[in-house]
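*Asks:* Numbering (our numbering), first residue to last: 5 to 463.
Just so it is clear, CB atoms sit at the ideal spot from N, CA and C, and this is done for glycine as well.
#1: Only counting the same chain, and skipping five residues up and downstream in sequence, which positions put a Cβ closer than 8 Å to that of residue 270?
#2: For residue 385 and residue 332, I'd like the C-alpha separation in whole angstroms.
#3: So, at 6 Å on beta carbons, what are the nonlocal neighbours of residue 174 in its own chain, with the 5 sequence-adjacent residues on each side left out?
#4: For residue 222, write down the residues that DSSP places opposite it in a beta bridge.
#5: Provide the residue(s) that pair with residue 184 in DSSP beta bridges, ordered along the chain.
#6: Whose C-alpha, out of 125, 171, 99, is nearest the C-alpha of residue 182?
#7: Is the beta carbon of residue 151 closer than 7 Å to that of residue 280?
#8: Rounding to the nearest angstrom, what Cα-Cα distance links residue 78 and residue 250 in this structure?
#9: What's the gap between the Cα of residue 293 and the Cα of residue 162?
#10: Between the Cα of residue 464 and the Cα atoms of 211, 222, 136, which residue gives the shortest distance?
#11: Near residue 136, which residues of its chain fall below 8 Å by C-beta distance, leaving aside the five closest residues on each side in sequence?
#12: Between which residues of its own chain and residue 107 is the CB-CB distance below 7 Å, once the five residues before and five after are set aside?
#13: Among 376, 375, 348, which one has its Cα closest to the Cα of residue 364?
#14: By the three-class DSSP mapping on this structure, what secondary structure does residue 228 have?
#15: State yes or no: is the C-beta of residue 179 within less than 7 Å of the C-beta of residue 127?
#16: Would you decide whether residue 59 is buried or exposed? Buried here means 16 or more other CB atoms lie within 10 Å of its CB.
#17: Looking only at its chain, what residues have a beta carbon closer than 8 Å to the beta carbon of residue 227, apart from the 5 residues adjacent to it on each side?
#18: Between which two residues does the alpha helix (DSSP H) harbouring residue 134 extend?
#19: Flag this pair as yes or no: are the beta carbons of residue 215 and residue 274 separated by less than 7 Å?
#20: Using 8 Å as the Cβ pair cut-off and three pairs as the minimum, do the region 236-247 and the region 292-309 touch?
#21: Out of 354, 328, 325, 368, state which residue places its alpha-carbon closest to the alpha-carbon of residue 344.
#22: What does DSSP give as the partner residue(s) for residue 336 in the beta ladder?
#23: Would you give the residue range spanned by the beta strand (DSSP E) that residue 346 belongs to?
#24: Touching or not, the region 349-363 and the region 314-332, by the rule of three or more beta carbon pairs under 8 Å?
#25: Write down the C-beta distance between residue 154 and residue 51 rounded to the nearest angstrom, noting that I regard them as a contact closer than 8 Å.
#26: Just to confirm, is the Cβ distance from residue 374 to residue 309 under 7 Å?
#27: Among 382, 257, 164, which one has its Cα closest to the Cα of residue 209?
#28: Once DSSP output is grouped into helix, strand and coil, what is the label at residue 329?
#29: In the structure shown, what three-state DSSP assignment does residue 72 receive?
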């Protein structure tokens, strides 16, 4: 038998410029009180903190006229995409990653705010600083969410639920933004609970009740069960977490593969061995562009590809990273998306290498006059850039044939590194492309084409 206990946390502090009981983002303070099950010990030491509609909430915070209105952040043009939607907008069915045209059809009085990435980064920095004041075990997942392990903080700050309550109050008072927090025995449970606590809530499950509470949930609620996996599971009759927990492991592995099957079986029983890792290394670096007009000219497409490769190369070098796998992403006017990847024998951060590989991948698609809506370039399998360069010095010559022979330009990789270094210095000092490929020096016709960088906020 499961006993459910609900504790309502009453907030007495006020956002500047609001009356008691008034929510600064247009929702009544009592609209959805944070709820927790009961305060216990460190059996549930994991917190997942997730900012609510982060980009849109920052806009509503900074412009009081937007509070209570359906607000989205994104490109206002006909080819724009919703990067974030306030909860007022979500009531009309507006969601992140939705074409702006469709969002406006769903909500004709939608307010579109342009991106202000510096404001979002600063708000994120302030939130992460608050989290690190409670424990050094903070693992950021993105700009607006993070895991915490507070098992070592209970002597100072009280049980995990009390720590979560204090974090929510501090974020509200110091950053003036709402967040939702899940408190659980594992990372997967905490993440599931933060999603259920939204918006602006706190939810906790005692460790000894997790298994039973998971059983009625749909398999899609498990962290790590993506759309394709869920589609395959439901096709074979696995709809609830309880059905996954009761399934024969070998049967489950035949349906979704050995690794995924084993992972989901553990999650269905409330088990998750993953610990909170304070340093969450970057897994990939990418850049993509949605265009205001479809591109069907191969020359224009190649110039845009060069531009993206320069962005990614500069981001890699700025972060001190290098990667082996280069991925090309193309989305057509029909919204069909294709990706192609190539893995190098050793990591690179050289723009020239990215251009060479990405251009080869693009040529391999044989697009001819296909209409392209979005183009993207990414680098994964990343690691420390200095280590990668040392490996290239020590590696056998056959791994780096251009070192001895040069490429079609007659330049060695060392000379291309010099070019990157000069280009980065000029860009840092003067901004923009500065030193660039000659093909990009006469592309004024392209400048009007880019729409917006592809970034989404799903909080």
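*Replies:* Once the coordinates are examined:
#1: 276, 277
#2: 15 Å
#3: 134
#4: 244
#5: 54
#6: 171
#7: yes
#8: 44 Å
#9: 47 Å
#10: Residue 464 lies beyond the range of the chain shown here (5 to 463); nothing can be said about it.
#11: 142
#12: 76, 86, 98, 114
#13: 348
#14: coil
#15: yes
#16: buried
#17: 191, 192, 195, 196, 271
#18: 121-136
#19: yes
#20: no
#21: 368
#22: 376
#23: 341-352
#24: yes
#25: 6 Å
#26: no
#27: 164
#28: strand
#29: coil
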